[in-house]
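What the sequence shown shows, in our numbering, is residues 33 to 640, in sequence order.
We treat Cβ as the ideally placed atom computed from N, Cα and C, and that holds for glycine.
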Amino acid sequence: MTKEELRLFLERHIDRIEALIEKRKKLNNLYSKIRFGYFVIALLAIYNTYELFPDWAYLFSFIAWVAGFLVLIDRHRKVYHSQERFEHLRNIKKDHIARIDLNWENIKYNPTEVNIKNHPFAGDLDIVGKHSLHHLIDTSIYPASSNLLLDWFLSPSPKEEEVLKRQQQVKELIPLTLFRDKLRVIGLVTTIRSSVKNWSIDDMFIWLRLPKKYNYKLPLIILSILSALNIPFFVLLMIGKLNALPLTVSLVAYLLIYKFNDQKFKGLLDATFQIERILSQLESILFHVERFKPKKGSELEKLLANFQDEKTKPSLFIKKTQKLMSRAALQANKMLSGIINVLVPWDLYYAMRVEDLKRELENKLTRWLDTFYEVEALNSLANFAMLNPEYAWPNFEVNSNLLFNSTELGHPLISSKQRISNDFQVQKEKDLFLITGSNMAGKSTFLRTVGVNLVIAYSGAPVCAKSFQTGFFRVFSSINITDSLDDGLSHFYTEVKRLRYLLDELGKEDEIPLFFFVDEIYRGTNNRERFAGSAAFLKEVAGKNGIGLVSSHDLELAYLDKEIPQLSNWHFVESIKDGVMSFEYKLKTGPCPSTNALQIMKMEGLPT
33 MTKEELRLFL
43 ERHIDRIEAL
53 IEKRKKLNNL
63 YSKIRFGYFV
73 IALLAIYNTY
83 ELFPDWAYLF
93 SFIAWVAGFL
103 VLIDRHRKVY
113 HSQERFEHLR
123 NIKKDHIARI
133 DLNWENIKYN
143 PTEVNIKNHP
153 FAGDLDIVGK
163 HSLHHLIDTS
173 IYPASSNLLL
183 DWFLSPSPKE
193 EEVLKRQQQV
203 KELIPLTLFR
213 DKLRVIGLVT
223 TIRSSVKNWS
233 IDDMFIWLRL
243 PKKYNYKLPL
253 IILSILSALN
263 IPFFVLLMIG
273 KLNALPLTVS
283 LVAYLLIYKF
293 NDQKFKGLLD
303 ATFQIERILS
313 QLESILFHVE
323 RFKPKKGSEL
333 EKLLANFQDE
343 KTKPSLFIKK
353 TQKLMSRAAL
363 QANKMLSGII
373 NVLVPWDLYY
383 AMRVEDLKRE
393 LENKLTRWLD
403 TFYEVEALNS
413 LANFAMLNPE
423 YAWPNFEVNS
433 NLLFNSTELG
443 HPLISSKQRI
453 SNDFQVQKEK
463 DLFLITGSNM
473 AGKSTFLRTV
483 GVNLVIAYSG
493 APVCAKSFQT
503 GFFRVFSSIN
513 ITDSLDDGLS
523 HFYTEVKRLR
533 YLLDELGKED
543 EIPLFFFVDE
553 IYRGTNNRER
563 FAGSAAFLKE
573 VAGKNGIGLV
583 SSHDLELAYL
593 DKEIPQLSNW
603 HFVESIKDGV
613 MSFEYKLKTG
623 PCPSTNALQI
633 MKMEGLPT
């Protein structure tokens, strides 16, 4: 299926969903009218039949009318929730089309708090922020999933085993459209219903990890004994076999000890309410993953192993925990709670039970949620792969002579209608590239294209190319250099520090070589010193543990290929016809044969 065919398929799917939504809207309106009519009829019937039937018959009819109304409410709620889920599904399909078209305004942006100031490549390759790679690919509902996906993109050193495993997991998830869409729908429904006043999942884990402060056993034993005495004392008092003194002493002692220990269950109501609410929110998500049965022997089966174990699966433990939390939340009913706690130490007992459960609950939820976050991050990559069927899966098996090889390599953040692709390969012993060319000819974009596709490949997703073969490299870039006002550094000195950082990375004794990109080297200084510094830099990095792409306006540097055997010259060029400048954006061999700075100045009416 081509991208255009996929787009057409999605548009037809949206039309079908819209029809289902309209049906539910009509049914929703019908139920609203029926409920109103039923309520009026029931009210009139209850009022007018008060003296027509015996009390027991009237009570029975009243209960029947109320039960009927509750059934209507339940049916109406199900229709509304069904409509809500279909609306979310429609929005998901529209989101797919927006991602295909790179319609950024209609692609949800999940803000991230990550410091990329000194990151090896994030600031140059548009990995983070609006209109970035993360913005394009991330479909996560939960922030932890979004952050995990970003961690994969920002990994400074790819690990072969992890990359290959993720790639296989993504391939297995691609055809599971229903599973992925339903997971997003459930996530959207549950998060939208959350309130800002409630705990977040992080808040819950903070509470679960609080150390145990109190000893519950001794006061519970004493209170249980006193409670056991109070009941027979009361019975004996009622039948006249005992005077009031023993019961009074026992009950006063019970109440005093209970009051003395009340700090041990203060806050229990709020905590149990919040935990039960979060578990109810997570229940649908975790149960959906639990019910999914991956293919035997697949990487997904290994990933979801802790969801499939009959002894540890979420449904059993969460339901058991919810029962405990609901019993502990009896404090919400002040009257009933007061009566029960006078008879037995209910709150103290359940405070101990909840305290004992905290560690187990934290361990299990951590494992389940870590797995779920990984599934959701993988779903983002699978969705990206599905929406770009023409993209190639990276091949990480390279021969000894060819370190990198790609055909029709393009930039994924440029629309397919505007994107110009290039073939590019790196041979052993010829791994330093000097790329010259005029302004706006495409040098910087090409450097970013190679770099961002390496990042995508190491995340486990397919890349924007017809074929893509590479080994494993650490990625480093010096492209988007700006003044550092906070540090009081000029553009030139900022670049110098960045290149020093690059040389340090290149000089590391690391099994994984460096793939580095330097754009417009030493652009912030004069011609003579720029040439001298650039030549010295190229000589320094040649033959080191890495592959380098360096762009420059200095055509004189092209002659260094006679001194540096690893260096080869490449260029981008433009053409000017009838005063109009056009660019091919195609990578060509050799140094650039022309410049365009004076022509651009002339075209804009500046003196030349």
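Test: residue i CB closer than 9 Å to a CB of chain C
i      : result
Gln115 : In the structure shown, chain C cannot be found, because there is only a single protein chain.
Identity of the residues DSSP links to residue i by a beta bridge
i      : result
Thr468 : Ser584, His603
Phe548 : Phe508, Gly580
Asn427 : Gln501
Leu441 : Asn454
Val495 : Ala424
Residue i burial status per 10 Å Cβ neighbour count (16 or more: buried)
i      : result
His163 : exposed
Ala154 : buried
Glu408 : buried
Asp127 : buried
Asp156 : buried
Thr477 : buried
Phe85  : exposed
Lys345 : buried
Thr171 : buried
Trp231 : buried
Gly520 : Reliability of the predicted coordinates at Gly520 is poor, the pLDDT of 46 falling under 50, and the value obtained from them is presented with this limitation in mind. Exposed, by the Cβ-count rule.
Tyr591 : exposed
Gln199 : buried
Met357 : buried
Lys291 : exposed
Asp536 : exposed
Thr468 : buried
Ile350 : buried
Asp388 : exposed
Pro621 : Reading the sequence as shown, one finds Thr at residue 621 and not Pro. Under this definition Thr621 is an exposed residue.
Cys624 : buried
Gln295 : exposed
Pro188 : exposed
Ala77  : exposed
Asp379 : buried
Ser177 : buried
Leu517 : In this prediction, Leu517 has a pLDDT of 49, which is less than 50 and means its spatial position is unreliable; what the coordinates show is noted afterwards. By the 10 Å Cβ count, Leu517 comes out exposed.
Anticipated Cβ contact below 8 Å, residue i with residue j, distance rounded
i      : j      : result
Ser600 : Asp551 : The pair is not a contact, with the Cβ atoms about 18 Å apart (cut-off 8 Å).
Asn420 : Lys460 : No, Asn420 and Lys460 are not in contact; Cβ-Cβ is about 31 Å, not under 8 Å.
Glu527 : Tyr554 : 7 Å
Phe339 : Thr403 : 7 Å
Val430 : Thr502 : 7 Å
Ile124 : Asp213 : 6 Å
Ala12  : Leu301 : Because the chain in this structure spans residues 33 to 640, residue 12 falls outside the shown range and cannot be described.
Val573 : Leu410 : Not confirmed; about 36 Å, so no contact.
Ala303 : Trp239 : 6 Å
Local conformation of residue i per DSSP, three classes
i      : result
Arg385 : helix
Ser509 : strand
Asp213 : helix
Ser432 : coil
Leu52  : helix
Thr621 : strand
Lys462 : strand
Gln450 : coil
Val160 : coil
Phe615 : strand
Arg555 : coil
Asn272 : With the sequence shown as reference, residue 272 is identified as Gly, and Asn is not the correct amino acid for it. Coil, per DSSP.
Glu543 : coil
Arg39  : helix
Leu255 : helix
Val573 : helix
Arg241 : coil
Glu194 : helix
Pro597 : coil
Phe85  : coil
Tyr286 : helix
Tyr246 : coil
Ala473 : coil
Thr398 : helix
Review point. What are the start and end residues of each continuous alpha helix (DSSP H) run of 4 or more residues lying completely inside the segment 289-355, in chain order?
Key: Listed in chain order, the complete alpha helix (DSSP H) runs (minimum 4 residues) inside the segment 289-355 are 300-323, 331-335, 337-340.
**Study point:** Continuous beta strand (DSSP E) assignments of at least 3 residues falling wholly in the segment 104-182
**Key:** If you keep only unbroken beta strand (DSSP E) runs of at least 3 residues inside the segment 104-182, you get nothing at all.
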